[in-house]
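Single-structure report; data block below.
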Amino acid sequence: MPLVVQWLTYLDPLRYMIVIIRGLFLKGVGMDVLWPQYLALVTMGMVVFAGAVGRFRKRLD
């Protein structure tokens with residue numbers, strides 16, 4: 009896979025979910041190993057939520 013495409017996958021939440029699901033179901037690891045993926049998903053969620061709130065607020069005006 010080209011290096012540019014590999015870097016673009018860091019913006020896709022599915023990448024982190026696959027790592028979490030694989031870790032939970034196949035390896036049985038816990039939060040101590042998967043916390044970077046959780047942190048990435050929470051960060052993405054907060055960014056999307058802040059953007060949605062900003063767009064919604066503009067529509068109310």
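Residue numbers for the sequence shown follow my numbering, so the first one is 9 and each next one is one higher.
A virtual CB, placed ideally from N, CA and C, is assigned to each residue, including glycine.
- Contact check for I28 against Q45 passes: the beta carbons are separated by less than 8 angstroms.
- If you draw a straight line from the Cα of R30 to the Cα of A60, it comes to about 30 angstroms.
- In terms of Cα proximity to L19, the closest of K66, G62, V56, L32 is V56.
- If you draw a straight line from the Cα of R63 to the Cα of L34, it comes to about 40 angstroms.
- Just so you know, the alpha carbons of T51 and L22 end up roughly 14 angstroms apart.
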